[in-house]
Amino acid sequence: MSRSPRGRDRRGRFGAFAIALSGVALLAVTPSNAGFRDSWAALERELAVFDPGGRYLTRPIERKVPRLALNGTYVLSSDVLLSGSDNKGFRDRDYRLLQFQNLFELEVGYQFSEGLQFSGIFHGLYDAVYSLEGADGLYAPKVDERFRAYEDSKDVVRELFISYRTLKLDVVLGKQQIAWGKMDGQFIDVINPIDNRESVQLESSDYERRRIPVWMANVTYYAGPVSLNFLWIPEFEADENPVYGSPWFSPLIPPSDDLARHNEPLLTGLINASGDFINTRSRPDWNDPSDHQLAFRIDWPVGAWTFGLIYFYAWDKNASESITGRFTDANGTHLLLERRHRRLHQFGFTSDYSNTLSSVPIIGTLPLVLRVEALLSKDVPFTDFAERGAALFGGGGDGLKETDTLRAAVAFEFAFPHNTTLIFQPSFYYTKDWRRSLGGGFGGAVGDAWALAPVIFLERPFRFTRDRLTMSATITPYISQPTRNFQGIKQKYIISYEFSQYIEGKLVYTDYSGGDSDDLFGQYRSYDNLGIEVQYEF
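This note's numbering applies: residue 214 is where the sequence shown begins, and numbers increase by one.
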């Protein structure tokens, strides 16, 4: 029976990765190779005391300023494509590296008195991929220099706030991030915008560094076991998405990179790929109180359960475009569009349950955590491409349809023996009154009325390494109806090793398979990649 070249290529890449994993594991466990064991032990002794940042920077300063706490982190992240550097869809993919990011983080804390503290987190980032590759397909810095390096104070000053905490009251004022949700998929974790420039590559473990902090007042009052949390958010920031010339910009979006890289109006957002003119309306304004966002959350316990309700008077963090007119040029008839952010009313629910199952066969006792999160978003704007097409021939309407979306998930987390964690999280996405002509919108399924994404996560440390070696797998299929069915599957496998209390290394393999070439994961079938991450904390 003949096999497709793509199938052979995929099995070959996966086989090579499996061999690499086996090699790493064997090196870590082989006791018979005395020479290697001695060399490894010597290296670990050197790394155990390797802390130049703490020795020469943070600890000397902390000794001089007793109430000051300093922590630093350096992270090197690099991903390389495992498939050839041939073009994919509209993308000129003449590169192999997806990123070569160098991130430096400095965390500062100063304790004024009991309960009163100043905190700041500062970032410096440089992604060398745009310099190392010299590729025609990597021109995102022409759109936004921030893809290459952080230069603006908005990016460098990541968090900056003063906190006052008592037994009854917490008050946090300043630039900060709020993590209301705990699940993969950001179901009620909606307060902060997200840096989504790596698109489908991101996981829940990335959210801490991918949330975009904003200036706000965060007040929590504790009335016995009940907590009341109120947020006043005068600042607005939008989500950040892939752009033309960045590695994760969708291969489905025209025009080709050969045309796009030289089209300044397209790169700056003055026109779209169809030649329609876009007027960008001013974003929500800090100085206008009616533009501020407000959020409220209440949590209370009932036995082994905890429940929470949230309301968020928010802005859609991705702007939508409405039709305001038409015009004709040498290339035909085009639309006049107005791009702006629109108000959303979001209602959320969350619940947690903890218990220990007894007399489980083979296992004995089995701790279990059950989590539920759901978010209903009212009047979410969706682009209606049928209405846009009709507008070119004189039809009415603004080219948008407002409808409600629901996203919800249930997570079952099991703590098996040997510190093994298994999470099964069925995730559901729904768009009310969906039709085929609709584009994307917040909270809905991708290209369909509803979707199911059952996430499976498995992680285990290895006792013979004193839990320093850990392996994990995250598997996410995406199934939708009524038109697309199976949109592909994403698999991520991670080997991490703690070389010392300061240094950790990771080897990450991400695979995209299945689905059609215009599906959520299917469009990235040739984007399988191998990543290396080294993190040094001091």
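Every residue, glycine too, gets a C-beta built ideally from N, C-alpha and C.
For residue 472, the enclosing alpha helix (DSSP H) begins and ends at 470-473. In the structure shown, residue 626 falls within a strand segment according to DSSP collapsed to helix, strand and coil.
DSSP, read as helix, strand or coil, puts residue 502 in helix. It is roughly 18 Å from the alpha-carbon of residue 352 to the alpha-carbon of residue 740. Of the candidates 443, 332, 342 and 364, the residue whose Cα lies closest to the Cα of residue 388 is 332. Here the alpha carbon of residue 251 sits roughly 18 Å from the alpha carbon of residue 681. Distance from the Cα of residue 446 is smallest, within the candidate group 497, 248 and 397, for 497. In this structure, residue 556 lies away from residue 549, with their beta-carbon atoms at least 8 Å apart. By the 16-neighbour rule on beta-carbons within 10 angstroms, residue 475 is exposed. For secondary structure counted as the alpha helix (DSSP H) over 4 or more consecutive residues, the stretch 264-307 holds these complete runs in sequence order: 272-277. Per DSSP, residue 257 is one residue of the alpha helix (DSSP H) stretching across 247-261. Sequence-distant Cβ neighbours of residue 491 in its own chain, meaning closer than 7 Å and more than five residues away, are 482, 483, 484, 485, 534, 550 and 552. In the DSSP assignment, residue 587 falls within the unbroken beta strand (DSSP E) covering 577-596. Using a 10 angstroms sphere on the CB of residue 347, the tally of other CB atoms stays under 16, which defines it as exposed. Shown here for residue 307: same chain residues with a beta carbon closer than 7 Å to its own, the five before and five after excluded, namely 298, 348, 349 and 350 in chain order. Nearest C-alpha to residue 370 among 542, 395, 338 and 396: 338. The three-state reading of DSSP puts residue 602 in helix, counting H, G and I together. With contact defined as three or more Cβ pairs closer than 8 Å, the stretch 367-381 and the stretch 411-418 are not in contact.
Runs of the beta strand (DSSP E) lying entirely within the stretch 706-747 and spanning at least 3 residues, in chain order: 716-726. Contact holds between the stretch 659-678 and the stretch 385-402, because three or more Cβ pairs, one in each stretch, are under 8 Å apart. For residue 453, no beta strand (DSSP E) run applies, since DSSP gives it neither H nor E. Under the three-state reduction of DSSP, residue 678 is assigned to helix.
In terms of CA proximity to residue 750, 285 leads the group 700, 285 and 572. The beta-bridge partner set that DSSP reports for residue 417 is empty. Three or more Cβ pairs closer than 8 Å define a contact, and the stretch 602-609 falls short of that threshold against the stretch 622-639. With respect to the 8 Å criterion, residue 661 and residue 695 are classified as neighbours on the basis of their beta carbons.
Only residues of its own chain outside the window of five on either side were considered, and among them 674 and 709 have a CB closer than 6 Å to the CB of residue 683, listed in chain order. Secondary structure at residue 400: coil, using DSSP grouped into helix, strand and coil. Annotation: residue 508 to residue 325 spans about 29 Å, alpha carbon to alpha carbon. Boundaries of the beta strand (DSSP E) around residue 643: 633-644. Scanning its chain for C-beta atoms nearer than 6 Å, with the 5 sequence neighbours on each side dropped, one finds around residue 591 the residues 558 and 617, in chain order. Taking a 10 Å sphere around the C-beta of residue 249, we find fewer than 16 other C-beta atoms and assign the residue as exposed. Residue burial is scored here from C-beta neighbours: residue 500 has fewer than 16 other C-beta atoms within 10 angstroms and is therefore classed as exposed.
Boundaries of the beta strand (DSSP E) harbouring residue 436: 427-436, taken from the DSSP string. Residue 294 is positioned such that its CB atom lies closer than 8 Å to that of residue 309. Every unbroken stretch of the alpha helix (DSSP H) spanning 4 or more residues and falling wholly within the stretch 314-379 is given here in chain order: 342-345, 353-356 and 366-369.
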